[in-house]
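Asker: Got a structure here, written out as structure tokens. Questions coming.
Number of protein chains: 2
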Amino acid sequence: MAKKLKDTRLNKMPRTAKNTQTKYQKVEAIIRQRLIDNLWRPGNMLPSEIQLATELKVSQGTVRKALNDMVSENLLFRRQGLGTFVSEHTERRALFLYFSIVGNDGSHILPESNILSCEEKLVSPLERSKLELNVGEMVVQFRRIRYFNNISTIVETITLPLEHFPGFGTEMEPPNNLFRFYQSAYGITVSKAEEHLKAVIASPEEATILNIKPGLPMLEIDRIARMLDGRPVEWRVSHCDTRNYKYISERG
Amino acid sequence: MAKKLKDTRLNKMPRTAKNTQTKYQKVEAIIRQRLIDNLWRPGNMLPSEIQLATELKVSQGTVRKALNDMVSENLLFRRQGLGTFVSEHTERRALFLYFSIVGNDGSHILPESNILSCEEKLVSPLERSKLELNVGEMVVQFRRIRYFNNISTIVETITLPLEHFPGFGTEMEPPNNLFRFYQSAYGITVSKAEEHLKAVIASPEEATILNIKPGLPMLEIDRIARMLDGRPVEWRVSHCDTRNYKYISERG
DNA sequence: CAGTGGTCTAGACCACGCG
DNA sequence: GCGTGGTCTAGACCACTGG
């Protein structure tokens with residue numbers, strides 16, 4: 001790692017067949033790298049467009065395009081009259097961006113959670129492929145129940161690469177909003193996730209845990225969350241009782 | 253309807269508290285209306301940015317911003333050196349934009365389909381609320397099975413407001429790609445959809461139709477599709493056997 | 001080659017938030 | 001009032017497409 005580091009000033013080489021990256025893409029890459037390096041932390045204000053333009057020797061419009069692209073990726077947000085800021089994993093963000101379960105009436109509620117178990121172990125072949133790890137690496141795995149209005153509705157199994165989360169779960173109880181915790185405690189920002197959904201049957205164990213009938217249909221959400229550089233950072237399998245809740249998704 | 257129609261030339265009134273719409277938003281509204289009116293049809297090329305800018309008395313940059321916004325809504329697409337075009341509901345679009353079921357290995361296949369039944373009837377209260385219709389309006393409702401590689405996997409119930417689809421299903425068999433048919437035969441472009449997912453149990457009837465065991469868990473996809481002006485135009489409930497297939501969704 | 005969209009610049013003015 | 005982002009303009013040049 002750490003190849004090509006002295007790119008602070010953009011080269012003036014014309015864009016040819018061998019060099020398809022535009023100026024605003026270079027600006028974007030520089031800013032993205034600064035986020036990865038935690039040079040600007042979540043909640044911080046970035047330098048103004050003018051300052052960035054001056055520093056990087058491009059016009060304000062070019063900086064603007066780069067920033068706008070990152071805003072539409074939800075990495076940054078802007079407030080007119082104030083400035084441009086690094087996004088944080090707030091409650092609101094967790095609720096509307098990374099949590100797709102709502103009540104039958106459409107109401108958004110972030111459920112409470114309760115840890116059932118937590119262990120460190122050697123990565124299994126399936127976990128290796130899901131988290132793109134090497135043989136012999138360690139993971140932390142824990143299960144938890146999630147409650148809406150004190151009614152247990154979801155059981156989750158969460159697997160993390162121990163490399164990125166030293167001491168996770170042993171030094172303190174993981175909180176309800178995990179993404180915010182990853183960000184504040186480990187400097188890891190989840191910026192994307194892929195969810196795979198299936199319908200399954202509640203196992204006897206799940207039925208006991210959730211206090212429902214075994215054989216009840218459950219919505220399975222199998223999700224890989226990725227950090228800013230695109231590497232997987234969490235594998236989560238959630239089984240959700242969808243009698244009173246539903247998963248929502250927009251298309252188009 | 254048809255208030256405020258003579259807005260072809262943009263007014264020069266300064267943007268105040270009572271007038272928050274910017275120039276590019278006005279340009280966007282004009283172009284969107286032309287799409288709704290089928291003035292430019294799917295697949296057609298729009299006038300060049302320069303032409304639009306001249307016609308609407310704004311600069312090329314303003315037109316560009318309006319067009320780019322609509323490109324990111326998938327209403328238009330651009331090809332450098334050629335022009336800007338109205339999006340069509342092609343196979344590819346159906347497959348990647350409005351069909352979220354893929355194989356367990358991630359492969360995209362558009363299933364074949366087979367109509368089971370089709371009827372016109374008075375709208376029910378539930379259908380009224382789903383499709384935002386009035387009491388006494390008529391709908392067309394039909395069921396179909398969908399096959400992946402000749403294996404029946406999905407059973408769908410589709411409800412359409414008859415008002416927008418005169419003669420639907422009676423004059424000819426609805427084809428596999430419905431959205432393309434809505435567009436080519438009725439001038440109706442689906443531009444957005446909201447999907448609500450739950451896990452349910454296969455009913456005895458569904459089990460018979462799909463040749464599976466009753467009681468098998470099925471993924472229910474309850475979807476409202478909307479046309480360019482935002483009005484609902486199709487209600488579809490799909491029950492999918494997810495043993496060999498899965499629903500995918502990106503977040504962030 | 002001419003025409004299209006794509007990038008980049010420079011500068012003007014507006015709307016907003018805060019002191 | 002001042003600094004921020006937001007809008008708008010005008011013009012230059014590049015890259016791609018098709019004839």
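So the sequence lines, in the order shown, correspond to chains A and B. Going by my numbering, the first residue of the first sequence is number 1, and it counts up by one from there. Going by my numbering, the first residue of the second sequence is number 253, and it counts up by one from there. Just so it is clear, CB atoms sit at the ideal spot from N, CA and C, and this is done for glycine as well.
Who are the near neighbours of B/Asn496 in its chain, counting only those whose CB is closer than 7 Å to its CB and skipping five residues on each side?
Answerer: Along the second sequence, one-based indexing puts residue 496 of chain B at 244. So the qualifying residues of the chain are Gly355 and Asn356.
Asker: Measuring only between beta-carbons, confirm whether B/Met322 sits less than 9 Å from chain A.
Answerer: In the second sequence, counting from the first residue as 1, residue 322 of chain B sits at position 70. It does not: the Cβ of B/Met322 has no partner Cβ on chain A nearer than 9 Å.
Asker: So with CB distances below 9 Å, who are the chain B contacts of A/Val200?
Answerer: The residue labelled residue 200 of chain A in the question sits at position 200 within the first sequence. Within 9 Å Cβ-Cβ: Ala451, Pro469 and Thr494.
Asker: Opposite B/Asn386 in the DSSP bridges: which residues?
Answerer: By 1-based counting over the second sequence, the position of residue 386 of chain B is 134. DSSP output for B/Asn386 lists no bridge partner at all.
Asker: State the beta-bridge partners of B/Tyr497 as determined by DSSP.
Answerer: Counting from one through the second sequence, the residue named residue 497 of chain B turns up at place 245. Answer by DSSP bridge pairing, in chain order: B/Gly355.
Asker: Does the beta-carbon distance from A/Gln183 to A/Thr159 come in below 9 Å?
Answerer: Locating residue 183 of chain A in the first sequence gives position 183, where the first residue counts as 1. Locating residue 159 of chain A in the first sequence gives position 159, where the first residue counts as 1. For A/Gln183 and A/Thr159, no; Cβs fall outside 9 Å.
Asker: Tell me the DSSP secondary structure of A/His164 in three-state form.
Answerer: As a working mapping, residue 164 of chain A is identified with position 164 in the first sequence. DSSP places A/His164 in helix when its eight states are reduced to three.
Asker: Counting only Cβ pairs nearer than 9 Å, list the residues of chain B close to A/Gly81.
Answerer: Taking the first residue of the first sequence as position 1, residue 81 of chain A is located at position 81. Simply none; closest approach about 15 Å.
Asker: Mind checking who A/Leu76 pairs with in its DSSP beta bridge?
Answerer: Against the first sequence, residue 76 of chain A aligns to sequence position 76. Paired residue(s): A/Val86.
Asker: Given that a residue counts as buried once 16 or more other Cβ atoms are within 10 Å of its Cβ, and exposed if not, what is A/Pro214?
Answerer: In the first sequence, the residue the question calls residue 214 of chain A occupies position 214. It counts as exposed.
Asker: Check each residue of the segment 343 to 356 of chain B: if its Cβ is closer than 8 Å to any Cβ of chain A, include it; give the result in chain order.
Answerer: Listed by position along the chain: Leu349, Tyr350 and Ser352.
Asker: Name the chain B residues that come within less than 9 Å of A/Asn74, Cβ to Cβ?
Answerer: Taking the first residue of the first sequence as position 1, residue 74 of chain A is located at position 74. In chain order: Gly504.
Asker: Among the residues of its own chain, which have a CB less than 8 Å from the CB of A/Lys6, if the five just before and after it don't count?
Answerer: Sequence index remark: in the first sequence, residue 6 of chain A carries index 6 (1-based). Low confidence applies to A/Lys6: its pLDDT is 30, below 50, so where it sits in the model is not reliable enough to give any reading.
Asker: For A/Gly252 versus B/Asn326, is the C-beta spacing smaller than 9 Å?
Answerer: As a first step, residue 252 of chain A is located in the first sequence; it is residue number 252 there, counting from the start. As a first step, residue 326 of chain B is located in the second sequence; it is residue number 74 there, counting from the start. Result yes, Cβ atoms of A/Gly252 and B/Asn326 sit closer than 9 Å.
Asker: Who are the Cβ neighbours of A/Val27 in its own chain at under 7 Å, not counting the five residues just before and after it?
Answerer: Along the first sequence, read from residue 1 onward, the residue named residue 27 of chain A stands at position 27. Excluding sequence neighbours, A/Val27 sits near Leu56, Val58, Thr62, Val63 and Ala66.
Asker: In three-state DSSP terms, what is B/Glu486?
Answerer: Position 234 of the second sequence, counted from the first residue, corresponds to residue 486 of chain B. B/Glu486: strand per DSSP, three-state reduction.
Asker: Alpha carbon to alpha carbon, how far is B/Tyr276 from A/Thr84?
Answerer: Here residue 276 of chain B corresponds to residue number 24 of the second sequence, with the count starting at 1. Here residue 84 of chain A corresponds to residue number 84 of the first sequence, with the count starting at 1. So the alpha carbons of these two residues sit roughly 22 Å apart.
Asker: Using 8 Å as the threshold, is the segment 393 to 408 of chain B in touch with the segment 484 to 502 of chain B, meaning 3 or more CB pairs across them?
Answerer: As far as the Cβ criterion goes, the segment 393 to 408 of chain B touches the segment 484 to 502 of chain B, which means the pair count is three or higher.
Asker: Entirely within the segment 398 to 460 of chain B and at least 4 residues each: give me those alpha helix (DSSP H) ranges in chain order.
Answerer: 430 to 438, all fully within the segment 398 to 460 of chain B.
Asker: Keeping to the same chain, check which residues put their C-beta closer than 7 Å to that of A/Glu163; ignore five residues upstream and five downstream.
Answerer: Counting from 1 along the first sequence, the entry for residue 163 of chain A is found at position 163. Around A/Glu163: Glu137.
Asker: Using a Cβ-Cβ cut-off of 9 Å, state whether B/Ser300 counts as contacting chain A.
Answerer: For the purposes of this step, residue 300 of chain B is identified with residue 48 of the second sequence, where counting begins at 1. With 9 Å as the cut-off, B/Ser300 does not count as an interface residue toward chain A.
Asker: Taking the alpha-carbon positions, what's the A/Ala17 to B/Val338 distance?
Answerer: Translated into the one-based positions of the first sequence, residue 17 of chain A becomes position 17. Translated into the one-based positions of the second sequence, residue 338 of chain B becomes position 86. Low local confidence applies: a pLDDT of 45 at A/Ala17 is under 50, so the model's placement there is unreliable, and no value is given.
Asker: Please report how far the alpha carbon of A/Arg146 lies from the alpha carbon of A/Ile209, in whole angstroms.
Answerer: One-based indexing of the first sequence puts residue 146 of chain A at position 146. One-based indexing of the first sequence puts residue 209 of chain A at position 209. Rounded to whole angstroms, A/Arg146 to A/Ile209 spans 11 Å at the Cα level.
Asker: Answer yes or no: does any C-beta atom of chain A fall closer than 9 Å to that of B/Thr268?
Answerer: Start at 1 with the first residue of the second sequence, and residue 268 of chain B comes out as number 16. The predicted model places B/Thr268 with a pLDDT of 47, which falls under 50 and marks its position as unreliable; any figure quoted below should be read in that light. No - not a single Cβ of chain A is within 9 Å of the one on B/Thr268.
Asker: Could one say the Cβ of A/Tyr247 lies closer than 9 Å to chain B's Cβ atoms, at least one of them?
Answerer: To locate residue 247 of chain A, count along the first sequence from 1; it is residue 247. Chain B contact via Cβ: present.
Asker: In the segment 164 to 187 of chain A, which residues sit with their C-beta less than 8 Å from some C-beta in chain B, listed in chain order?
Answerer: Flagged: no residues at all.
Asker: Can you tell me whether A/Asp229 is helix, strand or coil according to DSSP?
Answerer: Counting from one through the first sequence, the residue named residue 229 of chain A turns up at place 229. Here A/Asp229 sits in coil by DSSP.
Asker: For B/Arg380, does the three-state DSSP call read helix, strand or coil?
Answerer: Mapped onto the second sequence, residue 380 of chain B falls at position 128. Looking at B/Arg380 - three-state DSSP - the assignment turns out to be helix.
Asker: With 16 as the cutoff for other CB atoms within 10 Å, does A/Val135 come out buried or exposed?
Answerer: By 1-based counting over the first sequence, the position of residue 135 of chain A is 135. Flag for A/Val135 reads exposed.
Asker: With respect to the beta strand (DSSP E) encompassing A/Lys121, which residues constitute its N-terminal and C-terminal limits?
Answerer: Locating residue 121 of chain A in the first sequence gives position 121, where the first residue counts as 1. Per DSSP, A/Lys121 belongs to the beta strand (DSSP E) from Glu112 to Leu122.
Asker: In chain B, what lies closer than 9 Å to A/His108 by C-beta?
Answerer: Numbered from 1 along the first sequence, position 108 holds the residue referred to as residue 108 of chain A. None at all; the shortest Cβ gap to chain B is about 14 Å.
Asker: Hey, how far is the Cα of B/Arg483 from the Cα of A/Ala185?
Answerer: Position 231 of the second sequence, counted from the first residue, corresponds to residue 483 of chain B. Position 185 of the first sequence, counted from the first residue, corresponds to residue 185 of chain A. About 45 Å.
Asker: Taking the alpha-carbon positions, what's the A/Ile248 to B/Gln273 distance?
Answerer: If you number the first sequence from 1, residue 248 of chain A lands on position 248. If you number the second sequence from 1, residue 273 of chain B lands on position 21. Cα-Cα distance, rounded: 31 Å.
Asker: Counting pairs of Cβ atoms below 8 Å between the segment 375 to 383 of chain B and the segment 439 to 454 of chain B, do you hit three or more?
Answerer: The segment 375 to 383 of chain B, when compared against the segment 439 to 454 of chain B, does not touch it at the 8 Å Cβ threshold.
Asker: Work out the CA separation of B/Val489 and A/Met1 for me, nearest whole Å.
Answerer: Position 1 of the first sequence holds residue 1 of chain A. Position 237 of the second sequence holds residue 489 of chain B. Low confidence applies to A/Met1: its pLDDT is 30, below 50, so where it sits in the model is not reliable, and the reading given next is rough at best. Computed Cα separation, rounded: 49 Å.
Asker: Between the Cα of A/Arg144 and the Cα atoms of A/Glu119, A/Pro166, A/Ser129 and A/Ala225, which residue gives the shortest distance?
Answerer: Residue 144 of chain A sits at position 144 when you count from the first residue of the first sequence. Ranking the options by Cα distance to A/Arg144, first place goes to A/Glu119.
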